[in-house]
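Residue numbers (our numbering): 22 to 748.
Quick reminder that beta carbons are idealized off the backbone N, C-alpha and C, glycines included.
The block underneath contains the structure these notes are about, expressed in structure tokens.
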């Protein structure tokens, strides 16, 4: 269907990725979001025919992100910076990946292992969470013999705490098992790396480098400011991580909390995971958090809005802006907590919550779950002498290399607590550093800086799709409550994407065969009049007017204003070329010339059809016999000169333009610009004695191209009734 794996010309090259769509800048692993959104938007609407395309997209994503099937259920960090966020709602990228996951996950069992010789030496990865897995994956692809050491019966780290109603265990198991199998990675489970100097012990076994990603497996103790809140010996008080671990291992009966009031302390996603799990086990749950309800405030609650809304639907009560001063008990049994008002969560340095101890509220309950964060396991780090004199990890934050031992690298939550995808990115970055270290190369020159491109100019925006959840009264179990996208939903949502990033960081159209290469805009400064019409025509903030020196006989004799196009941002949509009254702008390769070659010198109909909306899922060759058809990238590239030439020089009796549906143009408003030209040309044609009925534009969405012959024949019949043009 597409040329993905072998089309090197369509791949994203780091050298030109200075500008990216803001969603890709936000994504820690810089996933090719725009490219794969475009590919999803061009899938056939038949589920069976679409499977091959979904697998190809999955293969493309998998090479860089073998966890994309998991991300489709729990990671939507890119949506936070979507340019659509305040214009109708962010593109639902997470659900788009879940749609891919639902088809691709079964395929993973049949995916062949990497055919790579592991001859570059042994590398030890200590910790089998997302960071460790991604480091192992990347090093394995580069020919290293990697072994993961983990002290749990299953790999996955903190992801294992996520409840099954959000992330099915089968999806996570398949993703991890496939990564290990396909990458040819060795695994030592149920093995805690210990000893006086565990890293040195592994050195003696022949390992050349080490990546430590042991995460934050221990819960953070409860405090009020810097003062610990004591609760040792009080029954029915425990850490939320312990509870989630037990629930994830199916160790708790369905009615574990039936008839009990459960209080959960914390405002993050883990707290809401614990709360919603407790509800599913029969509890009546209250969440108490320091933060405010307003997520836009600096002190706003950090949990995802979907988690909060889901909890409220499930009857969970949330008490905002309260800390915990005291855990109270009677006869050793937990009874209630004393909660002072939190007046400020963060000081200027991002620490030290402030409380009004005269404003306290007591919350009664039978069970208390504490979920306010996690901490390191210091033993391995301490025994391996990885701390500096102040007790901090001595590690370069960019290269992840230990400042104590050059062959040791650290990443993931053990270095900086973050999201799953942050750990994935650190594992990948550490793998690159390890590879460079073992090759004797510099570790500093690989770092890149990215800048987000602006939202393109657009008049109307489509609303985001409504969330589809099973009703609260039927989802009080551990089955998935969120209903994923159908193929139709996925195509519609992918088409909503603005494709904000530059073409150089996408090239989906090249991979899809829409065009052989990316054209570039050229400006002839001798012809440019400096009128600035191109600036107003550009939807991507690419055109600008600049001052240039006028040189005569080797001397600067003045200045002139000419048009300039930023090649890193240009989408090559052709709007500026069509709008330029002086003909100073052109596309290279010359798209207009390619179009002219397809226009036959014979009477008849000429039909310009947009490749992004008409016939792109049809079998190749289906339209070969339609001589009237001239496929174009966008109707915005068809200028008035081409249309007039068709009538006056090419002998056409009628011209038909088939464009994208209203507000559905791949280049934002190419269809609208074409409609404006047609409106003006209808008047101009009358001066040539040509009836305006001979020129028609149709805006619609017809991936199969079934209506192309219908519209052509309709115009043919109309032209026939009008008779030949008098020339």
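Straight-line CA distance for residue i to residue j?
| i | j | result |
| --- | --- | --- |
| residue 240 | residue 456 | 34 Å |
| residue 740 | residue 656 | 22 Å |
| residue 697 | residue 334 | 49 Å |
| residue 521 | residue 103 | 9 Å |
| residue 635 | residue 124 | 26 Å |
| residue 307 | residue 369 | 30 Å |
| residue 523 | residue 651 | 26 Å |
| residue 363 | residue 127 | 48 Å |
| residue 348 | residue 263 | 19 Å |
| residue 688 | residue 594 | 6 Å |
| residue 14 | residue 544 | What the structure shows of the chain is the stretch from 22 to 748, and residue 14 is not part of that stretch, so it cannot be assessed. |
| residue 644 | residue 57 | 27 Å |
| residue 743 | residue 648 | 21 Å |
| residue 541 | residue 111 | 30 Å |
| residue 683 | residue 693 | 8 Å |
| residue 43 | residue 474 | 6 Å |
| residue 329 | residue 496 | 16 Å |
| residue 151 | residue 444 | 6 Å |
| residue 608 | residue 119 | 38 Å |
| residue 74 | residue 218 | 50 Å |
| residue 60 | residue 681 | 17 Å |
| residue 40 | residue 425 | 36 Å |
| residue 222 | residue 437 | 26 Å |
| residue 260 | residue 177 | 20 Å |
| residue 439 | residue 183 | 15 Å |
| residue 709 | residue 703 | 10 Å |
My guess is that residue i and residue j are in contact by the Cβ rule of under 8 Å, so how many angstroms apart are they, rounded?
| i | j | result |
| --- | --- | --- |
| residue 345 | residue 250 | 6 Å |
| residue 435 | residue 168 | Contact flag wrong, Cβ pair sits at about 18 Å. |
| residue 718 | residue 673 | The Cβ separation is near 15 Å, so there is no contact. |
| residue 536 | residue 527 | Contact doesn't hold; Cβ gap of about 12 Å is too wide. |
| residue 186 | residue 500 | 6 Å |
| residue 442 | residue 431 | Rounded, the Cβ-Cβ distance is 18 Å, inconsistent with contact. |
| residue 277 | residue 302 | 4 Å |
| residue 145 | residue 170 | 6 Å |
| residue 353 | residue 254 | 7 Å |
| residue 286 | residue 391 | 5 Å |
| residue 519 | residue 488 | The pair is not a contact, with the Cβ atoms about 21 Å apart (cut-off 8 Å). |
Under the rule that 16 or more other beta-carbon atoms within 10 Å means buried, what is residue i, buried or exposed?
| i | result |
| --- | --- |
| residue 317 | exposed |
| residue 155 | buried |
| residue 376 | buried |
| residue 35 | With a pLDDT of 38 at residue 35, under the threshold of 50, the predicted position of this residue should be treated as unreliable, though the coordinate-derived value follows. By the neighbour-count rule (16 or more Cβ atoms within 10 Å), residue 35 is not buried but exposed. |
| residue 109 | exposed |
| residue 89 | buried |
| residue 715 | buried |
| residue 121 | buried |
| residue 462 | exposed |
| residue 411 | exposed |
| residue 299 | buried |
| residue 290 | buried |
Which residues does DSSP pair with residue i in a beta bridge?
| i | result |
| --- | --- |
| residue 569 | 581 |
| residue 396 | 239 |
| residue 158 | Bridge partners of residue 158: none, in fact. |
| residue 282 | 305 |
| residue 659 | Partner(s): none; residue 659 has no beta bridge. |
| residue 429 | 231 |
| residue 357 | 385 |
| residue 260 | 391 |
In this structure, how does DSSP classify residue i when only helix, strand and coil are distinguished?
| i | result |
| --- | --- |
| residue 362 | strand |
| residue 145 | strand |
| residue 635 | strand |
| residue 690 | coil |
| residue 191 | helix |
| residue 676 | strand |
| residue 79 | helix |
| residue 329 | helix |
| residue 40 | strand |
| residue 563 | coil |
| residue 57 | helix |
| residue 375 | strand |
| residue 493 | helix |
| residue 546 | coil |
| residue 138 | coil |
Flag residue i as yes if its beta-carbon sits less than 8 Å from any beta-carbon of chain D, otherwise no.
| i | result |
| --- | --- |
| residue 251 | Judged by its chain identifiers, the structure shown contains no chain D, having just a single protein chain. |
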